[in-house]
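Heads up, my numbering is the position in the sequence shown plus 28, with the first residue counted as 1.
Here is the structure we will look at, set down as structure tokens.
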Amino acid sequence: MRSIKIKSIKKRFPRQWILVAVDKIDETTTTPISGRLITHSASRQDVYRKLLSIKDRHNVLVEYTEDKFPKGHAAAF
């Protein structure tokens with residue numbers, strides 16, 4: 029699968045959780061720029077199950093594609 033910009037992946041899969049193998053990062057801000065989509069789902073659990081099957085998890089991104097999380101979800105930093 030080819031590398032795609034993260035913004036494009038987010039637009040293509042609205043209100044979905046995405047798992048991306050990141051291959052390009054903005055070195056200044058450490059923001060992921062592009063990568064290969066591994067999976068997407070409306071269910072966060074489905075994405076995390078797939079994440080657990082990946083051996084090298086160093087450059088992967090799990091993200092919700094909308095600015096507002098679904099009801100019952102929160103983020104901690």
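Where a beta carbon is used, it is the ideal one built from N, C-alpha and C, also for glycine.
Keep in mind it's a predicted model, so treat the numbers as computed, not measured.
Across the structure, Y92 and A49 are spaced so that their CA atoms are roughly 15 Å apart. For a cut-off of 8 Å, the C-beta gap from K39 to S62 is around 13 Å, too long to register as a contact. Look at the stretch 35–74 and you find these whole runs of beta strand (DSSP E), each 3 residues long or longer: 45–54, 59–69. Residue pairing by DSSP puts Y92 in a beta bridge opposite W45. The beta-carbon separation of I82 and L65, rounded to 13 Å, does not stay under the 8 Å limit for a contact. The criterion of a C-beta distance shorter than 8 Å is not satisfied by L79 and R72.
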